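Peer 1: There's a structure below that I have some questions on.
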Amino acid sequence: MITAADIRAWVFDLDNTLYPARELYDEIGVRMTHYIARKLSLAEADALEIQERYFHDYGATVVGLVRHHGVDAADFLLDVHAADHAVLQADAELRDLIGRLPGRRIIFTNGGGGHAERVLERLNLADLFDTVLDIEACGLAPKPQRESYERVLALSGIEARGAILIEDTLRNLEPAHDMGFATALVGLVHPEPLPPYVDFWAPDVKSLLRGLLEA
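Numbered per this note's numbering, the sequence shown spans residues 4 to 218.
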C-alpha cells in the first residue's frame, strides 16, 4: 500500500484536477473558437468543428493548428487563456494538504504556462510548486503521448519510480503507469472496476490527498 511517505515527487494535472474548471473552460472554449475562426477565416461552426477534431486527434487543439495551419502556439495560448480567472477561489484546506506533501511538487498540463501561473496565483498555491511544465515545455507533445512524460522526467530531474501522477483524465494515466509512476484518478465519473493502470481513485483531489497523508 503506497502512502505519502513513499512518494518523492507529486505530479499534478491542473484543470479539473486541482480545481473544477467548467466555468473557466466555457470562456476559454469560446475564445478558442473565435481565435480559430479569425485566424483561418472560417465560420464559427466550422472553427468549432476543427477545434473539437484536433483536440480528439492530438490531445490538444493547438497541436493540430500548428501542424496543419502554421499557427503560432505561443500566440494561440496567450489569446485563448486571457480569460477571467477571477472566478477561481482559493481553498485553505487544499493549500494545507499540498503543503504537507513530502518531496517535489510539479504541475504537468496540456495548457499554457501563463494560464497555469494565473490559476495557481488565484488558488493561492503558486509558492507550493517547484515547477510548472506546460505543453510548450513538452515540445507540443500533449498527454497521453509518451514523449510528453519523458520530457517531464528529463526537465524536472525526477524518476518515475517514486512519483505519482494525479489526473482527472483516465487515458492520461496509462502511459505514466507503464513508465513506473503511481497513478491516481480524481473525479466523480470513473469506470468500475478501475483499470489496472489506476492505483487510486477519489472523487476530488482533497479526498485523495487526505487518504494518502493519513494512510
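Every residue gets a Cβ at the ideal spot worked out from N, C-alpha and C, and that includes glycine.
Note that this is a predicted model, so its numbers are computed, not measured.
(1) Closer than 8 Å is the cut-off here; do at least three beta carbon pairs connect the region 197-216 with the region 31-45?
(2) Suppose you measure from the CA of PHE15 to the CA of PHE111; what does that come to, to the nearest Å?
(3) So, using beta-carbon positions, are ALA179 and ASP202 closer together than 8 Å?
(4) Spatial neighbours of TYR57 within its chain, please: C-beta separation below 6 Å, excluding the five flanking residues on both sides.
(5) Give me the Cα-Cα distance between ALA8 and PRO198, rounded to the nearest whole angstrom.
(6) Need the endpoints of the beta strand (DSSP E) that ILE39 sits in, please.
(7) Quick check on GLU96: buried or exposed, where buried means 16 or more other Cβ atoms within 10 Å of its Cβ?
(8) Starting from VAL83, follow the alpha helix (DSSP H) in both directions and report where the run begins and ends.
(9) Please return the same chain residues whose Cβ sits closer than 6 Å to the Cβ of GLU47, not counting the five positions on each side in sequence.
(10) In whole angstroms, give me the CA-to-CA distance for ILE101 and ARG121.
(11) I believe ARG11 touches GLY165 by the beta-carbon criterion, under 8 Å. Please report the beta-carbon distance rounded to the nearest angstrom.
(12) Assuming LEU136 is part of the beta strand (DSSP E), what are its boundary residues?
(13) Work out the CA separation of ALA50 and THR6 for me, nearest whole Å.
(14) Taking ASP181 as the reference, give the member of LEU131, VAL192, ARG149 and TYR38 with the closest Cα.
(15) Starting from ALA224, follow the beta strand (DSSP E) in both directions and report where the run begins and ends.
(16) Please state whether the Cβ-Cβ distance between HIS72 and LEU43 is less than 8 Å.
Peer 2: Let's see:
(1) The region 197-216 vs the region 31-45: no contact.
(2) Here the alpha carbon of PHE15 sits roughly 6 Å from the alpha carbon of PHE111.
(3) Going by C-beta atoms, ALA179 is not nearer than 8 Å to ASP202.
(4) Excluding positions up to five away in sequence, the list reads THR64 and GLY67.
(5) Rounded to the nearest whole angstrom, the C-alpha separation of ALA8 and PRO198 is 25 Å.
(6) No beta strand (DSSP E) contains ILE39, which is instead part of the alpha helix (DSSP H) from 25-43.
(7) Under this definition GLU96 is an exposed residue.
(8) Unbroken alpha helix (DSSP H) run through VAL83: 76-83.
(9) Cβ within range, chain order: THR36 and ALA40.
(10) If you take the alpha carbons of ILE101 and ARG121, they lie about 18 Å apart.
(11) In this structure, ARG11 and GLY165 form a Cβ contact; the two beta carbons are roughly 4 Å apart against a cut-off of 8 Å.
(12) From DSSP, the beta strand (DSSP E) with LEU136 extends over 134-136.
(13) A direct Cα-Cα distance of roughly 46 Å separates THR6 from ALA50.
(14) Residue ARG149 is the option with its Cα nearest to ASP181.
(15) Residue numbering for the chain in the displayed model covers 4 to 218; residue 224 lies beyond these limits and cannot be assessed.
(16) In this structure, HIS72 places its C-beta atom within 8 Å of the C-beta atom of LEU43.
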